[in-house]
Amino acid sequence: MNTKDIARFSTKSHYATYNATAPIEVSSAGNTRHRLNLRGNRILNHAIRIAAVTQIRHNTHGRVYYQKKVAEAKTPKEGIRALKRRISDAVYKSLIADTASTTAN
């Protein structure tokens with residue numbers, strides 16, 4: 024999936040909003056919850072989800088992170104959502120590093 028110019032995203036949070044891995048806060052009667060963001064690039068979000076599910080199925084750092092979230096009394100869906108955000112941040116970091124190395128050459 025092509026995100027075009029990564030420089031148009033000033034932070035990893037902006038990139039997470041673009042790929043719909045940043046949750047939306049929903050508050051009501053003093054309860055603060057987060058729900059799935061249905062906006063953004065759904066194709067890119069699906070690719071990140073596939074990466075997250077694959078990491079959970081195999082013995083990886085992503086699986087350890089997911090199990091930690093579930094142990095913190097998060098639901099499995101919340102655990103996957105947190106892992107997807109972590110993957111999104113890693114993708115952003117990698118794209119920024121790749122752009123910096125190509126402009127330096």
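Taking the numbering used here, the leading residue of the sequence shown gets 24, the next gets one more, and so forth. By construction, the Cβ of each residue, glycine as well, lies at the ideal position given by its N, Cα and C atoms. Owing to the predicted nature of the structure, the values given are computational and were not obtained by experimental measurement.
Would A52 pass as a contact of A45 if the rule is Cβ separation under 8 angstroms?
-> Counting from one through the sequence shown, the residue named residue 52 turns up at place 29. Counting from one through the sequence shown, the residue named residue 45 turns up at place 22. No. Outside cutoff.
Through-space distance from Y115 to V87, alpha-carbon basis | Here the question's residue 87 lines up with position 64 in the sequence shown. Here the question's residue 115 lines up with position 92 in the sequence shown. Roughly 21 angstroms between the two C-alpha positions.
May I ask you to verify whether the stretch 28–38 touches the stretch 58–66, counting CB pairs closer than 8 angstroms and requiring at least 3?
-> Two segments are said to touch when three or more pairs of C-beta atoms, one from each, lie closer than 8 angstroms; by this definition the stretch 28–38 does not touch the stretch 58–66.
Would you kindly check if the distance between the Cβ of Q78 and the Cβ of L106 is under 8 angstroms?
-> Numbered from its first residue, the sequence shown carries residue 106 at position 83. Numbered from its first residue, the sequence shown carries residue 78 at position 55. The criterion of a C-beta distance shorter than 8 angstroms is satisfied by L106 and Q78.
Does the beta-carbon of N68 have 16 or more other beta-carbons within 10 angstroms, so that it is buried, or is it exposed?
-> Reading the sequence shown from its first residue, position 45 is the one you call residue 68. Looking at its Cβ environment, which holds 16 or more other Cβ atoms inside 10 Å, N68 is buried.
Which one of A70, A123 and S33 has the shortest CA to CA distance from A43?
-> Sequence index remark: in the sequence shown, residue 43 carries index 20 (1-based). That would be A70, whose Cα lies nearest to the Cα of A43.
If I103 and A75 are in contact, beta carbons under 8 angstroms, what's the gap, nearest whole angstrom?
-> The residue given as residue 103 occupies position 80 in the sequence shown. The residue given as residue 75 occupies position 52 in the sequence shown. Contact flag correct, Cβ pair sits at about 6 angstroms.
Just the Cα atoms here: how many angstroms apart are G85 and A120?
-> Here the question's residue 85 lines up with position 62 in the sequence shown. Here the question's residue 120 lines up with position 97 in the sequence shown. In this structure, the alpha-carbon of G85 lies about 21 angstroms from that of A120.
Quick one: grab the DSSP three-state call for N82.
-> The residue you call residue 82 lines up with position 59 of the sequence shown. Reduced to three states, the DSSP call for N82 is coil.
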